[in-house]
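Residue numbers (this note's numbering), protein chains in the order written: chain A, 145 to 495; chain B, 145 to 495; chain C, 145 to 495; chain D, 145 to 495. Every residue gets a Cβ at the ideal spot worked out from N, C-alpha and C, and that includes glycine. Model, not experiment: these values are computed from the prediction. Single-structure report; data block below.
4 protein chains.
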Amino acid sequence: MSLSQIPVAVLGATGSVGQRFISLLDQHPWFKVAALAASDRSVGQKYSEAARWVLNDPMPDYARDMVVVPAKPDCIDAKIVFSALHNEVAKDLEPQFAQAGFAVCSNASSYRRGEDVPLLLPEINADHIQLVKIQRKQRGWSGCILTNPNCTSTGLTVALKAFDDAFGVKKVFAVSLQALSGAGYPGVASLDITDNVIPNIKGEEEKVEWEPRKMLGKLNHSKINLADIQFSVHTNRVAVTDGHTVCASLELASPADPEAAEAALRAYRAPASARDLPSSPRPVIEVRSEADRPQPRLDRLTGKGMTTVVGRVRRDPILDLKFVVLSHNTIRGAAGGSIYNAELLVNENLL
Amino acid sequence: MSLSQIPVAVLGATGSVGQRFISLLDQHPWFKVAALAASDRSVGQKYSEAARWVLNDPMPDYARDMVVVPAKPDCIDAKIVFSALHNEVAKDLEPQFAQAGFAVCSNASSYRRGEDVPLLLPEINADHIQLVKIQRKQRGWSGCILTNPNCTSTGLTVALKAFDDAFGVKKVFAVSLQALSGAGYPGVASLDITDNVIPNIKGEEEKVEWEPRKMLGKLNHSKINLADIQFSVHTNRVAVTDGHTVCASLELASPADPEAAEAALRAYRAPASARDLPSSPRPVIEVRSEADRPQPRLDRLTGKGMTTVVGRVRRDPILDLKFVVLSHNTIRGAAGGSIYNAELLVNENLL
Amino acid sequence: MSLSQIPVAVLGATGSVGQRFISLLDQHPWFKVAALAASDRSVGQKYSEAARWVLNDPMPDYARDMVVVPAKPDCIDAKIVFSALHNEVAKDLEPQFAQAGFAVCSNASSYRRGEDVPLLLPEINADHIQLVKIQRKQRGWSGCILTNPNCTSTGLTVALKAFDDAFGVKKVFAVSLQALSGAGYPGVASLDITDNVIPNIKGEEEKVEWEPRKMLGKLNHSKINLADIQFSVHTNRVAVTDGHTVCASLELASPADPEAAEAALRAYRAPASARDLPSSPRPVIEVRSEADRPQPRLDRLTGKGMTTVVGRVRRDPILDLKFVVLSHNTIRGAAGGSIYNAELLVNENLL
Amino acid sequence: MSLSQIPVAVLGATGSVGQRFISLLDQHPWFKVAALAASDRSVGQKYSEAARWVLNDPMPDYARDMVVVPAKPDCIDAKIVFSALHNEVAKDLEPQFAQAGFAVCSNASSYRRGEDVPLLLPEINADHIQLVKIQRKQRGWSGCILTNPNCTSTGLTVALKAFDDAFGVKKVFAVSLQALSGAGYPGVASLDITDNVIPNIKGEEEKVEWEPRKMLGKLNHSKINLADIQFSVHTNRVAVTDGHTVCASLELASPADPEAAEAALRAYRAPASARDLPSSPRPVIEVRSEADRPQPRLDRLTGKGMTTVVGRVRRDPILDLKFVVLSHNTIRGAAGGSIYNAELLVNENLL
């Protein structure tokens with residue numbers, strides 16, 4: 145079987161993250177979409193009729209006439225399933241798929257905290273994928289579950305990794321300005337966000353205060369030691385379609401000036417195994433030197449939406465450094481991240 | 145002369161802050177608008193022709209047919225002038241007016257740092273108005289200059305005052321999400337903010353890191369001792385017409401839990417001299433208990449736009465407290481603030 | 145019983161139109177809100193807990209602690225009920241209230257086409273209220289049902305009335321740009337309207353092509369002869385919170401130039417019985433002469449949101465006249481309209 | 145000289161249309177950008193420093209380090225110049241370039257009405273390019289000026305062409321909802337369009353009432369007979385970044401039902417000479433059958449932004465047909481259109 149023929153499926157294919165999977169898998173060099181699965185309401189319909197497409201890029205031709213199937217292991221013939229399921233549904237279904245031999249690359253939060261479940265951003269912690277071996281042994285699965293983090297954790301953690309490697313990170317204050325697509329569809333009501341800001345996103349702050357600690361943690365034999373970093377996170381929703389912006393202040397173990405900090409960001413390289421995959425961000429981090437960048441509309445598609453964009457690296461008057469980080473929430477922070485994880489799994493011969 | 149006959153003028157009357165002055169002075173119980181002054185381009189025109197009105201509320205009738213006059217002391221017959229001038233222009237003109245005997249209530253930043261110039265939020269530091277006496281003596285002016293702070297400093301400082309009185313504030317991390325009207329008109333280009341965030345506002349962070357220290361400082365004989373509080377501020381522009389939102393984390397001298405903190409906010413009262421003026425905020429601080437408030441569109445008009453609205457008071461995982469504060473940037477944070485200052489001046493018999 | 149004591153109730157009180165009723169009835173000189181009714185989910189809760197308030201103006205104090213009651217005649221003690229019910233619910237419930245003796249002033253579309261049901265804009269067809277007598281006789285009701293038109297029909301029909309009286313209107317092409325609040329809450333998804341236009345509103349075009357014909361029709365004994373005017377209407381949704389804009393082209397029976405047309409608009413007066421009610425628009429029509437008005441954000445609150453604002457009156461290259469008309473869709477076009485209808489009913493001694 | 149080496153230049157390279165030229169010419173199969181010209185303020189700077197980039201797609205690498213040159217014929221070594229100049233500047237400069245032997249493909253309006261100047265949408269009136277021969281003879285130029293229409297005329301005229309060929313078009317009512325990018329940068333102030341509509345665009349209605357008549361006219365020996373079609377046009381600005389929507393009603397010479405009308409749109413083909421060029425729209429027209437399409441955010445990139453998207457084809461209650469048409473205003477309606485014109489010129493051996 146050549147790489148170009150690895151059959152994959154999308155679970156939750158009609159939602160907004162499901163749509164992003166379908167868009168990003170169009171012409172993928174390794175994967176071929178064999179099935180689109182969704183809830184009973186959509187099953188049996190052509191995808192073009194079942195889905196209310198919300199992306200700027202038109203629906204790929206390959207998907208239009210595919211008939212939506214149920215999200216059950218025995219209805220799907222594929223090696224990898226990409227999960228855009230809601231968390232409660234994912235909690236039940238994903239283990240069934242893993243049990244049945246599928247590699248589940250999930251965007252849901254249900255298993256991110258599992259001790260034997262990799263929470264992956266390949267460009268920073270590709271080695272954590274080794275947890276899959278533990279997971280299979282412990283759970284008796286032939287398949288597996290891989291997860292990617294919350295869309296707001298994503299860009300922040302990539303930037304923190306570069307700083308942590310170079311100087312050691314001790315404390316992080318972060319305030320997000322998050323895009324509408326992060327809430328799915330229909331998601332946020334227009335009357336709630338027009339001429340407005342919503343200064344809270346339910347359940348989000350806890351995730352962003354914990355997930356980076358797992359990803360920046362060290363894999364020690366069969367488990368991950370959480371990174372010893374303190375986080376204080378505040379999340380906001382703003383009237384932006386795509387692209388999460390985070391304003392952060394850091395305390396470092398070895399204080400660094402802004403020039404050294406920028407140099408560390410520019411010098412950062414993904415681990416070798418995650419460097420040349422189809423979805424590898426090129427570059428991993430882009431540093432902008434303008435006074436007012438990154439901006440979501442202008443910078444979210446950097447590196448096809450997989451690059452983390454950092455700007456305004458400067459001294460913090462209380463701690464050490466301040467900066468702004470931007471990441472495309474439904475590409476790097478959701479569907480693109482799950483696909484990148486699947487590529488790493490294949491590349492590590494763990495499929 | 146009855147109070148209702150104090151003649152006032154607006155300098156920079158055609159701009160967006162000037163318009164807000166004109167709107168708020170409509171039917172003011174103490175002040176009567178005697179002159180509208182603007183740049184040469186507008187002089188001699190009827191106000192309704194000279195101004196491109198941008199407020200939601202229609203232009204008051206009294207202003208429509210007033211003929212715009214030059215912004216020069218000898219062209220204006222009034223006791224108080226409200227300055228909505230640009231900073232460079234204000235720097236030159238405001239002292240000329242003060243010298244000529246006018247009380248200048250300024251929204252410009254030019255003299256906020258002057259050691260003998262009050263930087264006032266009457267509901268928190270009404271006593272600082274005593275600096276006017278020093279100012280008059282030192283400069284030989286019969287008039288004076290009073291200033292109000294930057295629109296982002298405003299709401300934050302009111303909330304900090306309540307916390308500082310109750311628990312002592314030591315460190316403040318603050319990230320703003322600022323409205324478009326803060327940049328004046330034409331201000332921000334629509335292509336720069338539609339589907340976007342601008343993660344910097346030129347010169348703003350320095351102001352918000354310094355101004356609260358003066359306002360929270362103690363008046364000691366003839367000078368103000370800056371409050372010993374450290375600030376780290378990041379400013380953003382978002383697609384909101386009016387209302388600045390600030391997310392803040394605090395370190396306190398005497399740690400307090402969220403319940404005690406909310407109680408301190410609710411218990412806060414303006415100094416007696418600033419409590420019953422026409423523009424006094426009622427209440428000074430409103431505390432919202434919902435999970436997702438304050439929001440600019442829903443809360444900016446609380447207390448006719450003069451109230452500071454605080455919500456999401458909670459523990460900060462690194463420091464002590466976190467909260468969100470909202471203030472109407474062109475009412476409490478600009479024109480309404482200058483008018484409130486003028487009322488205090490009259491009330492203290494310092495006009 | 146003095147006027148100030150007419151007890152009224154709001155049906156569908158928690159929705160966005162219900163909220164507007166509650167806001168406009170605050171301090172109403174004739175009506176006192178005696179009950180707030182909503183669906184089972186809300187019954188028994190305090191209004192401030194049951195409703196997710198979406199208006200810019202804060203919730204009136206009187207409503208906060210009222211306990212929501214069921215929308216049933218025997219649960220409500222009032223003379224007038226204002227209906228913000230959904231059409232399907234209104235269809236069942238409104239006749240029950242009318243039967244039970246309530247005057248139902250409805251914003252729902254269910255009975256607008258009833259031959260014995262007045263479809264009212266008091267400033268143009270106050271005489272149609274006489275249909276209530278027919279309605280009561282035919283249906284054996286002691287109460288009655290009055291309706292106000294669709295929010296897009298509203299402003300357009302007011303402007304057409306002035307033109308029809310002066311010159312006779314024969315054909316109307318109209319294209320709307322409608323606000324989000326017209327769709328209720330949650331209504332339009334933010335991802336559907338951010339950086340976007342939706343070029344259709346389900347069921348709306350048919351309403352706007354028919355309703356003006358009834359309102360501009362003549363009451364002839366016991367029935368209304370529909371006006372002999374042809375309409376072609378296209379409706380769009382745009383990213384505006386409140387205020388519907390309509391661009392129209394007209395063919396007239398007696399052609400008029402723009403000056404005469406503007407004069408006719410300015411000269412238009414409401415019928416005597418509708419002229420001095422608490423909600424009477426002052427003026428009925430405001431004509432703007434600027435090249436780029438009316439605009440929703442700047443003009444929707446003209447006359448407290450009850451005035452119809454017209455601008456850009458000019459020659460049409462194919463027919464006779466072209467113009468733009470703006471009306472506040474949830475004040476004049478919904479709750480304010482129903483209240484104005486109720487006032488007319490009282491004034492005509494038909495309650 | 146191989147096709148891939150035709151050197152071209154962009155005049156007005158730093159503005160928003162200039163940026164779109166630079167983006168679309170990246171990797172163009174026939175053209176190579178040899179020079180970027182702009183006003184004195186930018187001359188001598190690197191393009192990446194001179195331009196404030198406003199497009200979603202990042203600045204192409206080839207442009208970053210090019211040094212901006214003056215917009216003068218003797219400073220530029222190229223065969224074709226793409227003009228994104230302002231109209232007043234274009235009026236002076238474009239003839240100088242044509243005189244000096246350059247083919248000027250202009251987006252400016254200055255020469256659109258010239259009797260010997262082609263106003264081109266190659267997919268509908270490719271034959272009009274023959275006017276270039278007359279132009280050269282009459283003016284003694286070795287170069288030439290080609291123009292593309294106003295961005296709002298563009299999509300409307302493409303749709304009208306298909307209807308005109310099939311049924312004959314006699315009258316057109318059109319109302320536009322236009323994007324912000326049509327006004328250039330900084331263009332529309334954010335306070336003017338947030339939560340708002342601007343119901344006029346200066347000078348636009350006249351253009352859209354005239355330009356389609358020239359493009360739909362017949363080339364008769366050395367001149368174009370304007371099409372005998374009446375237009376009534378109203379233009380609006382809405383809060384959309386890119387993509388102009390037009391709502392239109394038509395009177396036809398041979399009435400057609402919506403099915404026949406849709407069939408005519410689907411069957412429409414570009415003239416042979418304009419069909420297989422690099423920028424040819426594929427398809428020329430896309431017909432959407434959903435009830436609420438086309439929408440700017442979802443449909444503007446159809447056919448890489450060169451396709452005209454039509455939907456809601458239905459009976460008009462007064463005339464014959466109604467429909468909605470969408471076109472990307474800075475791709476098909478501006479820079480992409482000029483490039484397509486240049487390709488036609490090359491293909492016809494008229495360079």
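Residues of chain B with a Cβ closer than 9 Å to the Cβ of P440 (chain A) are, in chain order, D339, N340 and V341. Counting only the Cα atoms, P266 (chain D) lies some 10 Å from S482 (chain D). Exclusion of the five residues before and after L363 (chain B) leaves D271 and H272 as the residues of its chain whose Cβ lies within less than 6 Å of its Cβ. Here DSSP, grouped into helix, strand and coil, assigns G477 (chain D) to helix. Within the same chain, A318, E349, V352 and E353 come within 6 Å of V377 (chain B) by CB-CB distance, once the 5 residues on both sides are set aside.
Within the segment 384-440 of chain B, the runs of beta strand (DSSP E) that reach at least 3 residues and sit entirely inside it are, in chain order, 388-396 and 429-431. Residues of chain D with a Cβ closer than 8 Å to the Cβ of T385 (chain B) are, in chain order, L335, T338 and D339. Those residues of the segment 194-209 of chain C placed with their C-beta closer than 9 Å to a C-beta in chain B are W197, V198, L199, N200, D201 and P202, ordered along the chain.
When secondary structure is reduced to three states using DSSP, I345 (chain B) falls in the coil class, being assigned neither helix nor strand.
In the displayed model, I224 (chain B) falls within a strand according to three-state DSSP.
One finds nothing in chain D with a Cβ atom closer than 7 Å to the Cβ of R426 (chain C); even the nearest lies about 24 Å away.
A buried status is given to K466 (chain A), since no fewer than 16 other beta-carbon atoms sit within 10 Å of its beta-carbon.
A Cβ-Cβ separation of about 6 Å places P202 (chain C) in contact with T446 (chain B) under the 8 Å criterion. Counting along the chain, V211 (chain D) sits inside no beta strand (DSSP E), nor does DSSP assign it H or E at all. With a 10 Å radius around the Cβ and a threshold of 16 neighbouring Cβ atoms, C288 (chain B) comes out buried. Taking 7 Å as the cut-off between beta carbons, the residues of the segment 375-402 of chain D near chain C are F375, S376, H378, N380, V382, A383, V384, T385, T389, C391 and S393, in sequence order. The C-beta separation of R441 (chain B) from N340 (chain A) comes to about 4 Å, placing the pair in contact by the 8 Å criterion. E193 (chain D) counts as exposed, since fewer than 16 other beta carbons sit within 10 angstroms of its beta carbon.
Under the Cβ criterion of 7 Å, V161 (chain C) is not counted among the residues facing chain A.
With a contact defined as Cβ atoms closer than 8 Å, F246 (chain B) and A222 (chain B) qualify at about 7 Å. In the three-state reduction of the DSSP assignment, H378 (chain A) falls in the strand class, which pools E and B.
For W197 (chain D), the CB contacts under 8 Å within the same chain, skipping 5 residues up- and downstream, are Q163 and M203 in chain order. Taking all protein chains shown into account, D386 (chain C) has 16 or more neighbouring C-beta atoms within 10 Å of its C-beta and is therefore buried. Between G299 (chain C) and V161 (chain C), the gap from beta carbon to beta carbon reaches 7 Å or more.
Bridge partners of T158 (chain D) according to DSSP: none are assigned.
The alpha-carbon of D460 (chain C) is positioned some 52 Å away from that of R476 (chain A).
DSSP lists B:P151 as the beta-bridge partner residues of K176 (chain B).
Of all C-beta pairs linking the segment 308-316 of chain D to the segment 403-415 of chain C, fewer than three are shorter than 8 Å, placing the two stretches out of contact. For G331 (chain C), the chain A residues whose C-beta falls within less than 9 Å of its own C-beta are A333, S334 and L335, listed in chain order. Considering only D:L168, D:S186 and D:D260, the residue with the shortest C-alpha distance to S366 (chain D) is D:D260.
Per DSSP, the unbroken alpha helix (DSSP H) holding R280 (chain B) starts and ends at L275 to R283. Excluding five sequence positions before and after V225 (chain D), the CB atoms of its chain that fall closer than 6 Å to its own CB belong to A153, L155, F241, F246 and V248, given in chain order. Legend: CB atoms of the segment 314-328 of chain C lying less than 7 Å from CB atoms of chain A belong to residues L324 and S325. The Cβ neighbour count for D420 (chain D), taken over all protein chains shown within 10 Å, is under 16; the residue is labelled exposed. In the DSSP assignment, I289 (chain B) falls within the beta strand (DSSP E) that extends over C288 to T291. Interface criterion met: the Cβ of A435 (chain A) is under 7 Å from a Cβ in chain B.
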